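With the numbering used here as the guide, the letters of the sequence shown map in order to residues -10 to 405.
Here is the structure we will look at, set down as structure tokens.
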Amino acid sequence: MSKQNENRQGYKNTKVGWIPKEWAVKVLGSFGSFSKGKGISNSEKKEMGLSCITYGEIYTTHDYVIKDFNSFIDIETAKKSQRIKRNDVLFAGSGETLDEIGKCVAYTKDVEAYAGGDIVIFSQNNVDCIYLSYSLNSDLITKQKRKLGQGYSVVHIYSSGLKKLYVPLPPLPEQKRIAEILSVWDEAIEQVANLINAKIALKKSLMQQLLTGKLRFKEFVKIKFNKIELAEFLIPTPRPVPRPNSAYTALGIRSHGKGTFLKAVENPEAVMMDTLYEVKEADLIVNITFAWEGAIAIVKKSDEGAFVSHRFPTYTFNREIAIPEYFRHVIRTKRFIHELGLVSPGGAGRNRVMSKTDFLNIVVSIPSVDEQKKIAVVLNGIDKEIELLGKKLEYLKTQKKGLMQKLLTGKIRVKV
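So this is what it looks like as structure tokens:
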């Protein structure tokens, strides 16, 4: 329940907390009806045809409003499915966690479209469907939906529970204005997200060309790339230290080339090893258990002084041959991760340990150090742009979430 407006003049206490006196609170089932989506397996999807949506796409593709469809079916499949109509709100009937269960999206168009299985369709014509989608996805109502979730490994929600949700409803003009304001924020968020995706695509393209010599700086065109073993420029550099007696910071490596992370170890006595190893900025570090999955990184300045186990060997660079600023991009390429897989023998499971000897025998093709520096400037520059855009995106999302909470409880009123 919202207590933001508690005892505020012009507000009343309701099932959803304190809201403006002229607002109503209704259970969802009192102003609409429910139906079920049907069918639409992945094998039934086509490249063209009638538009459709699956419950998984409610989580992965759409936020609040269905703007465009990514999936299509033929007429025969449509006959077995459930058509959706303008102003419908579609709930995902299954999810992996209670927090995500019952995510919903509004459908605002008249284009013929169909909903697949595990989608709960709510049909009504008296409430602005975009406002309703924002409200039903808000923290206020997500808390109600959590109590309705059933199941363990997969959580389900049904119309029998959804119809009991309490929804705050301003007058229709205010609903529309709230929806307009939040939609403007979502458009700004989408623009930044699209810009990030474009920068990521640009970087991927440049990596493929710059790291293979397909695209060269004119001053280096006549200088060939050198094929060289890692052993010729990577120097094993373990820094053993006794396990600390007090709390310390440990370093971990994310798979798929996603870098390092830090974690606090509050109880060193629970650590079975007597010896740990210190890392320093610009080390190359690899998790030998998950190297085949891309668990390799260059240590950041903020990581310096953290500790790792013997399963995280560290290497320094002979900077006359290769530099970490350049090599951090090489280790993220599909080809390099493939090589890590080849030197990590094992069965079909995840228990595959990299051979440190074979690791140093991996052959890479690299340019001169001067060209490495120029390539690093370009790629690291794009990384910085992506990082700044990511911070802007998170700022917009945080600001919108705060505004959304205030608008949907009436703490901030809009002019209509």
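Glycine included, C-beta positions come from ideal geometry on N, C-alpha and C.
Since we're looking at a predicted model, the values are computed, not measured.
Buried/exposed call for residue i, threshold 16 Cβ in 10 Å
| i | result |
| --- | --- |
| residue 101 | exposed |
| residue 133 | buried |
| residue 126 | buried |
| residue 360 | buried |
| residue 37 | exposed |
| residue 384 | exposed |
| residue 157 | buried |
| residue 333 | buried |
| residue 398 | buried |
| residue 29 | buried |
| residue 149 | exposed |
| residue 291 | exposed |
| residue 139 | exposed |
| residue 396 | buried |
| residue 151 | buried |
| residue 124 | buried |
| residue 60 | buried |
| residue 22 | exposed |
| residue 249 | buried |
| residue 186 | exposed |
Collapsed DSSP secondary structure at residue i in the structure displayed
| i | result |
| --- | --- |
| residue 52 | strand |
| residue 12 | coil |
| residue 341 | strand |
| residue 233 | coil |
| residue 79 | strand |
| residue 96 | coil |
| residue 131 | helix |
| residue 348 | helix |
| residue 86 | coil |
| residue 113 | coil |
| residue 40 | strand |
| residue 24 | strand |
| residue -5 | coil |
| residue 316 | helix |
Same chain, Cβ closer than 7 Å to residue i, neighbours up to 5 away in sequence not counted
| i | result |
| --- | --- |
| residue 222 | 306, 307, 310 and 311 |
| residue 155 | 4, 5, 14, 16 and 133 |
| residue 20 | 113, 115 and 116 |
| residue 216 | 352 and 354 |
Minimum C-alpha distance to residue i - residue among the options
| i | options | result |
| --- | --- | --- |
| residue 252 | 191, -2, 403 and 236 | 236 |
| residue 52 | 12, 155, 13 and 178 | 178 |
| residue 347 | 354, 355 and 330 | 330 |
| residue 234 | 215, 164, 208 and 262 | 262 |
| residue 278 | 356, 35 and 241 | 241 |
| residue 411 | 345, 404, 63 and 0 | Residue 411 lies beyond the stretch modelled for the chain, which goes from -10 to 405, so this question has no answer here. |
| residue 18 | 107, 114, 64 and 12 | 114 |
| residue 358 | 212, 116 and 41 | 212 |
| residue 243 | 377, 283, 273 and 378 | 283 |
| residue 386 | 209, 176 and 301 | 176 |
| residue 404 | 162, 245, 181 and 2 | 162 |
| residue 380 | 289, 87, 181 and 245 | 181 |
| residue 324 | 96, 197 and 46 | 197 |
Under 9 Å between C-beta atoms of residue i and residue j
| i | j | result |
| --- | --- | --- |
| residue 118 | residue 173 | no |
| residue 92 | residue 105 | no |
| residue 90 | residue 145 | yes |
| residue 54 | residue 122 | yes |
| residue 247 | residue 374 | no |
| residue 238 | residue 294 | yes |
| residue 350 | residue 271 | no |
| residue 25 | residue 108 | yes |
| residue 167 | residue 159 | yes |
| residue -3 | residue 7 | yes |
| residue 67 | residue 103 | yes |
| residue 378 | residue 184 | yes |
| residue 69 | residue 27 | yes |
Sequence-distant residues of the same chain with beta carbon closer than 8 Å to residue i, five excluded per side
| i | result |
| --- | --- |
| residue 470 | Shown here, the chain extends from -10 to 405; a query on residue 470 therefore has no answer. |
| residue 200 | 318, 319, 322 and 364 |
| residue 230 | 264, 265, 266, 267 and 296 |
| residue 48 | 81, 84, 89 and 92 |
| residue 371 | 188, 191, 192 and 195 |
Own chain partners of residue i with C-beta closer than 6 Å, once the 5 adjacent residues on each side are dropped
| i | result |
| --- | --- |
| residue 335 | 341 |
| residue 285 | 275 and 320 |
| residue 281 | 329, 330, 333 and 341 |
| residue 356 | 214 |
| residue 314 | 365 |
| residue 153 | 16 |
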